[in-house]
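Quick note, the sequence shown lines up with residues 166 to 554 if you use the numbering used here.
Ideal placement from N, C-alpha and C gives every residue a C-beta, glycine not left out.
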Amino acid sequence: MNRPRRLLSRRRLLGLGGLGALAGTGLAYATWSPGASGSPGATAPTAASGPARMPAEWGPHAATYLAWPPADSPWKDQAPAVQRDIARLARTLAEYEPVVLLAGPEEEVRARRACGAAVEVVPIPVDDLWIRDTGPVVVTRPGAPADTARRGVDFHFNGWGGKQRHPNDGRVARRLLEHEGITRIDAGITAEGGSLETDGEGTLLITESSLVNANRNPGMTRAEIEAELKRVLGARRVIWVAGVRGEDITDCHIDSVARFVAPGAVLLSRPWQGDGPDVWTRVYEQARGVLERARDARGRRLEIVEVEEPDPYAIGDRGPAFLASYLNYYVANGVVVLPRFGDRRADDRAAGVLRELHPGREIRQVSIDAVGEGGGGVHCATQQVPWVA
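Shown next as structure tokens:
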């Protein structure tokens, strides 16, 4: 039997009746209209929008960003367990590359103690842990001097379309870029990092449901959104899969559906089929059809590799929001960190697939079930800073 939970999680929201359930809670934040007076787009510094590209995640990193959920976060009484998961993830990644953890001033001491001396803690307040979505997307300018080669794209996080309070998270990208001394690119659209997947060679893979959506980009067409993505991320081709609106708080981010594993190769999550097809099976089937027909920015057809999600009966009752997708992994320097769910056969199979796809990297599986019960995973909790020479 599922435990009653107060958490506004990334997948539980549908059980609350969507945005209508937020009326009177103070959680229904308005979207902004790009370019409108008083909107973030109105103050865009055009000088920051020079030639840049979004590198592939498997490229070399200078660091990884994480965020420490405060005790008064939406996690409520689950916050201690979630903090332990983030500390476990931070300590694991710190074995391979520098880790920068954002934490509010009142949480600094606790975060430092939990994560260890190898993790740098910076006093930037956050509302939640999902730095992949709230933080900047760091892009690079090939050939530029090292001290100016990075730019950070601010996609104006708005609580996944007004579904969660974000007074601090809506400012994380700007504050972090200021702290790091990285020039900010002011995007003309609202998006989240989990909705953007790239091969590092000019191809973007995204879901239409999470971007062509009135709760992020009201009045904008797919073509207009695509043009802005190409401008700020240096993309030359965008592959759109349909996704699905309203089944989770993100409106179906790509990073739990399909991921590039190399130029010309995509890893696709196949839902467990024991109880027959459901909405996520339809998402998978539509995505596979698109990927089979697609060509990347260099004109290549895509090789598709699949990994099956775990058997929900083998992993036990984890709550209605639990994200059981192996695709929510993170590629860091010398390592791939992916979730372990407790279905030994599926866990081992997923580790084997990623070991084959990322030769030369260690495969580390971590149990972060408390984070998973909020509808996210390793990838959702991390954001890379690409290395520049």
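By how many angstroms is the C-alpha of residue j removed from the C-alpha of residue i?
{"i": "Pro436", "j": "Tyr478", "result": "14 Å"}
{"i": "Pro220", "j": "Pro239", "result": "32 Å"}
{"i": "Val377", "j": "Leu266", "result": "31 Å"}
{"i": "Glu222", "j": "Asn498", "result": "10 Å"}
{"i": "Glu457", "j": "Arg402", "result": "16 Å"}
{"i": "Ala423", "j": "Arg277", "result": "34 Å"}
{"i": "Phe425", "j": "Val274", "result": "38 Å"}
{"i": "Ala252", "j": "Leu231", "result": "10 Å"}
{"i": "Gln243", "j": "Gly324", "result": "20 Å"}
{"i": "Glu468", "j": "Arg505", "result": "26 Å"}
{"i": "Leu519", "j": "Ala407", "result": "25 Å"}
{"i": "Gln451", "j": "Leu488", "result": "20 Å"}
{"i": "Ala554", "j": "Thr305", "result": "11 Å"}
{"i": "Gly399", "j": "Val337", "result": "23 Å"}
{"i": "Gly281", "j": "Ala217", "result": "35 Å"}
{"i": "Gly542", "j": "Thr372", "result": "18 Å"}
{"i": "Val286", "j": "Ala268", "result": "7 Å"}
{"i": "Arg526", "j": "Tyr261", "result": "11 Å"}
{"i": "Cys545", "j": "Pro551", "result": "17 Å"}
{"i": "Ser421", "j": "Ala309", "result": "33 Å"}
{"i": "Gly200", "j": "Gly507", "result": "The pLDDT assigned to Gly200 is 35, lower than 50, so where the model puts this residue is not dependable; a value taken from the coordinates is nonetheless given after this. Each residue's Cα considered, the two are about 47 Å apart."}
{"i": "Val502", "j": "Ala255", "result": "11 Å"}
{"i": "Tyr316", "j": "Arg340", "result": "The residue asked about is misnamed: residue 316 is Arg in this sequence, not Tyr. When rounded, the distance between both Cα atoms is 14 Å."}
{"i": "Glu391", "j": "His321", "result": "16 Å"}
{"i": "His331", "j": "Asp292", "result": "6 Å"}
{"i": "Arg460", "j": "Glu412", "result": "28 Å"}
{"i": "Ser434", "j": "Pro245", "result": "30 Å"}
{"i": "Gln248", "j": "Pro288", "result": "16 Å"}
{"i": "Arg466", "j": "Thr363", "result": "15 Å"}
{"i": "Val531", "j": "Asp440", "result": "27 Å"}
{"i": "Tyr449", "j": "Arg463", "result": "25 Å"}
{"i": "Leu522", "j": "Arg453", "result": "19 Å"}
{"i": "Gly384", "j": "Ala283", "result": "46 Å"}
Between the Cα of residue i and those of the options, spot the shortest distance and give me the residue it belongs to.
{"i": "Gly272", "options": "Pro290, Ala255, Val284, Ala282", "result": "A small fix is needed here, since residue 272 is Glu in this sequence, not Gly. Nearest of Pro290, Ala255, Val284, Ala282 to Glu272, Cα basis: Pro290."}
{"i": "Val496", "options": "Pro234, Arg529, Ile390", "result": "Arg529"}
{"i": "Glu474", "options": "Leu342, Gly224, Ala516, Ala535", "result": "Ala516"}
{"i": "Ala388", "options": "Glu362, Ile354, Asp413", "result": "Ile354"}
{"i": "Pro234", "options": "Ala217, Gly224, Pro270", "result": "Pro270"}
{"i": "Val455", "options": "Leu370, Asp250, Leu503, Ala462", "result": "Leu370"}
{"i": "Pro485", "options": "Pro551, Gly540, Thr363", "result": "Gly540"}
{"i": "Gly367", "options": "Trp552, Val287, Ile404", "result": "Ile404"}
{"i": "His226", "options": "Ala268, Glu362, Leu258", "result": "Leu258"}
{"i": "Asp512", "options": "Leu492, Glu391, Arg526", "result": "Leu492"}
{"i": "Thr446", "options": "Arg465, Cys417, Gly464, Arg463", "result": "Cys417"}
{"i": "Glu538", "options": "Arg463, Asp482, Val409", "result": "Asp482"}
{"i": "Gly365", "options": "Gly327, Asp334, Pro307, Arg510", "result": "Pro307"}
{"i": "Ser375", "options": "Val409, Val264, Thr386, Gly346", "result": "Val409"}
{"i": "Ser360", "options": "Gln329, Arg297, Asn333, Leu342", "result": "Arg297"}
{"i": "Gly326", "options": "Ile480, Ala379, Ala283", "result": "Ala379"}
{"i": "Ile419", "options": "Tyr494, Pro383, Asp476, Gly384", "result": "Tyr494"}
{"i": "Leu294", "options": "Gly335, Ala283, Thr386", "result": "Gly335"}
Using a 10 Å radius around the Cβ and a threshold of 16 neighbouring Cβ atoms, would you call residue i buried or exposed?
{"i": "Thr415", "result": "buried"}
{"i": "Gln548", "result": "buried"}
{"i": "Thr313", "result": "exposed"}
{"i": "Asp319", "result": "buried"}
{"i": "Pro524", "result": "exposed"}
{"i": "Gln438", "result": "exposed"}
{"i": "Asp443", "result": "exposed"}
{"i": "His344", "result": "exposed"}
{"i": "Arg381", "result": "buried"}
{"i": "Glu471", "result": "exposed"}
{"i": "Thr229", "result": "buried"}
{"i": "Glu357", "result": "buried"}
{"i": "Ala311", "result": "exposed"}
{"i": "Asp237", "result": "exposed"}
{"i": "Lys328", "result": "buried"}
{"i": "Ala279", "result": "buried"}
{"i": "Ala535", "result": "buried"}
{"i": "Ile533", "result": "buried"}
Compare the C-beta of residue i against all C-beta atoms of chain D and say whether one is closer than 8 Å.
{"i": "Val496", "result": "As a matter of chain content, chain D is missing from the structure shown, which is built from one protein chain."}
Mind the definition here: the stretch 286-301 touches the stretch 343-362 only if three or more C-beta pairs lie below 8 Å; say whether that holds. Contact between the stretch 286-301 and the stretch 343-362 is present, because at least three Cβ pairs lie under 8 Å.
Would you call the stretch 414-431 and the stretch 383-400 touching, i.e. three or more CB-CB distances under 8 Å? No, the stretch 414-431 does not touch the stretch 383-400.
Give the list of continuous beta strand (DSSP E) stretches no shorter than 3 residues that lie fully inside the stretch 418-504. If we require 3 residues or more, the beta strand (DSSP E) runs fully inside the stretch 418-504 come out as 423-427, 430-435, 468-473, 495-497, 500-504.
Mind pulling the beta strand (DSSP E) runs of 3 or more residues that sit fully within the stretch 499-552? The DSSP assignment places 500-504, 527-531, 548-551 as complete runs of the beta strand (DSSP E) inside the stretch 499-552, in order along the chain (cut-off: 3 residues).
Taking only runs that begin and end inside the stretch 215-301, name each unbroken alpha helix (DSSP H) of 4 or more residues, in chain order. Look at the stretch 215-301 and you find these whole runs of alpha helix (DSSP H), each 4 residues long or longer: 244-259, 273-280, 296-299.
Fully enclosed by the stretch 382-411, which alpha helix (DSSP H) runs are 4 residues long or longer? Listed in chain order, the complete alpha helix (DSSP H) runs (minimum 4 residues) inside the stretch 382-411 are 387-398.
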